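Enquirer:
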Ligand code: FES
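In the UniProt record's numbering, the protein residues as written are 1 to 355.
In structure tokens, the structure reads:
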């Protein structure tokens with residue numbers, strides 16, 4: 001009987017990380033993410049339920065069982081190129097090889113702290129600039145985010161830092177927060193009822209950051225997606241990054257464009273060519289606007305009239321539709337999937353990033 005049982009005992013699988021000389025065992029039924037974290041590997045992740053895309057990695061060898069559809073979170077180009085979500089994948093073969101960019105944040109950077117809102121300024125009808133004074137200076141990488149929870153509410157929300165990081169940490173951090181109809185946190189915020197309320201925060205989280213390169217950068221932001229892009233661009237200026245950059249911002253109307261003075265300042269200080277292209281999708285026909293009209297992703301190629309797109313790197317932040325359309329256009333025009341970095345902001349029905 002013992003022999004019979006051992007014949008059917010499920011084998012432990014091993015996952016190898018390409019180019020990193022790292023491997024770890026995966027117990028039967030466990031996901032790649034669970035096993036990586038259990039083995040002390042700083043595997044990027046956040047939601048752990050397949051909605052945020054933080055644990056995206058590329059399957060190079062082996063087969064996996066998927067616990068949920070990847071198609072909601074990953075683009076069709078990513079799925080067909082072998083990208084998977086580690087938190088939703090269990091290896092089916094003894095040897096699995098994946099390629100992943102490990103989280104650059106060290107575990108010691110991740111901490112829990114409190115903060116309170118010291119400034120809440122309405123920038124548009126649905127975007128607020130919120131400054132939170134933290135109980136301790138926070139060190140983060142430009143492009144990252146924090147989980148924020150009002151102590152009186154059950155659910156936390158994820159918001160990206162719009163401030164640039166500082167060596168000694170940042171105490172007063174700026175966020176751009178978009179109003180979500182029916183969202184407990186933002187309904188209260190926009191009614192002005194959260195001034196000085198104590199908030200619980202954890203962070204920094206996320207693996208969206210500027211890669212070390214001299215390639216031209218294409219930044220695309222929609223809604224409150226300007227927050228991490230601002231953080232990245234301001235930090236790049238502070239670090240004397242010198243590369244061409246185009247910033248495309250999608251908004252519905254002129255009234256929905258915000259912080260144009262900040263964009264002007266970034267443009268003036270940028271080392272190298274800088275192009276700013278706002279694109280309006282719902283500006284009234286009879287208005288005085290003589291700029292670009294349509295979806296921001298329809299103007300991607302206008303941003304690079306003289307640059308080979310194969311060499312470009314893209315950084316996108318905004319709603320899922322914008323990101324998916326951006327990935328499709330970029331890959332159709334020769335930008336490598338590995339050069340496309342994004343932070344997808346979803347609404348509360350998907351429990352992922354909202355800022
Ligand atoms: S951690 Fe896997 S999708 Fe969020």
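Here a beta-carbon is modelled for each residue, glycine too, at the ideal position from N, C-alpha and C. If you're wondering where the values come from, they're calculated on a predicted model, not measured in any experiment.
Pairs of beta-carbons, one from the region 214-225 and one from the region 233-250, closer than 8 Å: are there three or more?
Expert: yes
Enquirer: What is the DSSP secondary structure of residue 115, reduced to helix, strand or coil?
Expert: The residue you call residue 115 lines up with position 115 of the chain shown. Correct three-state label for residue 115: strand.
Enquirer: Sorted by chain position, which residues of the same chain lie with C-beta nearer than 6 Å to residue 188's C-beta, five sequence neighbours on each side aside?
Expert: Counted from its first residue, the chain shown places residue 188 at position 188. Result list for residue 188: 194, in chain order.
Enquirer: In the DSSP assignment, what residue or residues form a beta bridge with residue 205?
Expert: For the purposes of this step, residue 205 is identified with residue 205 of the chain shown, where counting begins at 1. Beta-bridge analysis with DSSP links residue 205 to 145.
Enquirer: Cβ-heavy atom distance between residue 329 and the ligand FES below 7 Å?
Expert: As a working note, residue 329 is residue 329 in the chain shown. Here the distance from the Cβ of residue 329 to the nearest heavy atom of the ligand FES is not below 7 Å.
Enquirer: Tell me the residue span of the beta strand (DSSP E) that contains residue 418.
Expert: Shown here, the chain extends from 1 to 355; a query on residue 418 therefore has no answer.
Enquirer: Over the uninterrupted beta strand (DSSP E) stretch that includes residue 61, give me the two end residues.
Expert: By 1-based counting over the chain shown, the position of residue 61 is 61. Where residue 61 is concerned, the enclosing beta strand (DSSP E) stretches over 56-61.
Enquirer: With 16 as the cutoff for other CB atoms within 10 Å, does residue 228 come out buried or exposed?
Expert: Start at 1 with the first residue of the chain shown, and residue 228 comes out as number 228. Counting Cβ neighbours within 10 Å, residue 228 comes out buried, since at least 16 surround it.
Enquirer: Taking 8 Å as the CB-CB cut-off, is residue 138 touching chain C?
Expert: Among the chains in the structure shown there is no chain C, since it carries only a single protein chain.
Enquirer: Does the region 293-303 come within contact of the region 43-50, defined as at least 3 CB pairs closer than 8 Å?
Expert: no
Enquirer: Keeping to the same chain, check which residues put their C-beta closer than 7 Å to that of residue 107; ignore five residues upstream and five downstream.
Expert: Looking up residue 107 in the chain shown gives position 107. Here the model assigns residue 107 a pLDDT of 49, short of 50, so the residue's position is not dependable and the matter cannot be decided.
Enquirer: Can you say whether residue 125 is buried or exposed, counting buried as having 16 or more other CB atoms within 10 angstroms of its CB?
Expert: Taking the first residue of the chain shown as position 1, residue 125 is located at position 125. Residue 125 comes out exposed.
Enquirer: Between residue 243 and residue 215, which are expected to be in contact by the criterion C-beta below 8 Å, what is the C-beta distance as a whole number of angstroms?
Expert: The sequence position of residue 243 within the chain shown is 243, counting from 1. The sequence position of residue 215 within the chain shown is 215, counting from 1. About 7 Å separates the beta carbons of residue 243 and residue 215, which is inside the 8 Å limit, making them a contact pair.
Enquirer: From this set, 164, 197 and 336, which residue's C-alpha is nearest residue 115's C-alpha?
Expert: Translated into the one-based positions of the chain shown, residue 115 becomes position 115. If we check each option's Cα against that of residue 115, 197 comes out closest.
Enquirer: Are residue 51 and residue 73 close, meaning C-beta to C-beta below 8 Å?
Expert: Position 51 of the chain shown, counted from the first residue, corresponds to residue 51. Position 73 of the chain shown, counted from the first residue, corresponds to residue 73. Yes, they are a contact pair.
Enquirer: Find out if the Cβ-Cβ distance for the pair residue 68, residue 92 is shorter than 8 Å.
Expert: Against the chain shown, residue 68 aligns to sequence position 68. Against the chain shown, residue 92 aligns to sequence position 92. It is not a contact, given that the beta carbons lie outside the stated cut-off.
Enquirer: For the region 230-310, which segments carrying the alpha helix (DSSP H) assignment without a break, of at least 4 residues, lie completely within its bounds, in sequence order?
Expert: 260-269
Enquirer: When you compare only the Cα positions, how much space is there between residue 14 and residue 336?
Expert: Taking the chain shown and counting its residues from 1, one reaches residue 14 at position 14. Taking the chain shown and counting its residues from 1, one reaches residue 336 at position 336. Between residue 14 and residue 336, the C-alpha separation is close to 29 Å.
Enquirer: Any heavy atom of the ligand FES inside 7 Å of the beta-carbon of residue 54?
Expert: To locate residue 54, count along the chain shown from 1; it is residue 54. Under cutoff, so the answer is yes.
Enquirer: By a C-beta neighbour count over all protein chains shown, 10 Å radius and 16 as the cutoff for buried, is residue 137 buried or exposed?
Expert: The sequence position of residue 137 within the chain shown is 137, counting from 1. That one is exposed.
Enquirer: In chain order, which continuous runs of the beta strand (DSSP E) of length 3 or greater are located wholly inside the region 143-200?
Expert: Qualifying beta strand (DSSP E) stretches, in chain order: 145-150, 157-160 and 170-178.
Enquirer: Regarding residue 205 and the ligand FES, is the C-beta to nearest heavy atom distance less than 7 Å?
Expert: In the chain shown, counting from the first residue as 1, residue 205 sits at position 205. No, the Cβ of residue 205 stays beyond 7 Å of every heavy atom of the ligand FES.
Enquirer: So, do the region 127-143 and the region 164-182 have three or more beta carbon pairs nearer to each other than 8 Å?
Expert: With the cut-off at 8 Å, the region 127-143 and the region 164-182 touch.
Enquirer: Note down the Cα distance separating residue 117 from residue 173, rounded to an integer number of angstroms.
Expert: Working through the chain shown from its first residue, we reach residue 117 at position 117. Working through the chain shown from its first residue, we reach residue 173 at position 173. Near 10 Å, if we compare the C-alpha coordinates of residue 173 and residue 117.
Enquirer: Mind checking residue 331: buried by the 16 CB within 10 Å criterion, or exposed?
Expert: What you label residue 331 is simply residue 331 of the chain shown in a count that begins at 1. Residue 331 should be labelled buried.
Enquirer: Straight-line CA distance for residue 262 to residue 171?
Expert: Residue mapping note: residue 262 aligns to position 262 of the chain shown, counting from 1. Residue mapping note: residue 171 aligns to position 171 of the chain shown, counting from 1. Straight-line Cα distance between these residues: approximately 20 Å.
Enquirer: Whole-angstrom Cβ separation of residue 202 and residue 146, contact assumed at under 8 Å?
Expert: Taking the first residue of the chain shown as position 1, residue 202 is located at position 202. Taking the first residue of the chain shown as position 1, residue 146 is located at position 146. Right, the Cβ-Cβ distance comes to about 7 Å (below 8 Å), so this counts as a contact.
Enquirer: In terms of alpha-carbon separation, which member of 289, 166, 71 and 328 lies closest to residue 231?
Expert: Translated into the one-based positions of the chain shown, residue 231 becomes position 231. Per the Cα distances, 166.
Enquirer: Return yes when at least one heavy atom of the ligand FES lies under 7 Å from the C-beta of residue 125, else no.
Expert: Within the chain shown, residue 125 is the residue found at index 125, counting from 1. Every heavy atom of the ligand FES is 7 Å or more from the Cβ of residue 125, so no.
Enquirer: Residues in the same chain with beta-carbon distance under 8 Å from residue 304, minus the five sequence neighbours each way, listed in chain order, please.
Expert: Here residue 304 refers to the residue found at position 304 of the chain shown. Hits under 8 Å: 216, 218, 246 and 312.
Enquirer: Where residue 233 and residue 327 are concerned, what is the direct C-alpha to C-alpha distance, given to the nearest angstrom?
Expert: For the purposes of this step, residue 233 is identified with residue 233 of the chain shown, where counting begins at 1. For the purposes of this step, residue 327 is identified with residue 327 of the chain shown, where counting begins at 1. Roughly 21 Å separates the two Cα atoms.
Enquirer: Which of helix, strand or coil does DSSP assign to residue 34?
Expert: On the chain shown, residue 34 is found 34 positions in, with the first residue counted as 1. Residue state, collapsed to three classes: helix.
Enquirer: How many Å lie between residue 159 and residue 279 at the Cα?
Expert: Here residue 159 corresponds to residue number 159 of the chain shown, with the count starting at 1. Here residue 279 corresponds to residue number 279 of the chain shown, with the count starting at 1. If I take the Cα positions, the gap works out to 24 Å.
Enquirer: Starting from residue 89, follow the beta strand (DSSP E) in both directions and report where the run begins and ends.
Expert: Numbered from its first residue, the chain shown carries residue 89 at position 89. Its beta strand (DSSP E) spans residues 89-91.
Enquirer: Measuring alpha carbon to alpha carbon, tell me which of 192, 78, 148 and 57 ends up nearest residue 119.
Expert: Position 119 of the chain shown, counted from the start, is the residue given in the question as residue 119. Of 192, 78, 148 and 57, the residue nearest in Cα terms is 192.
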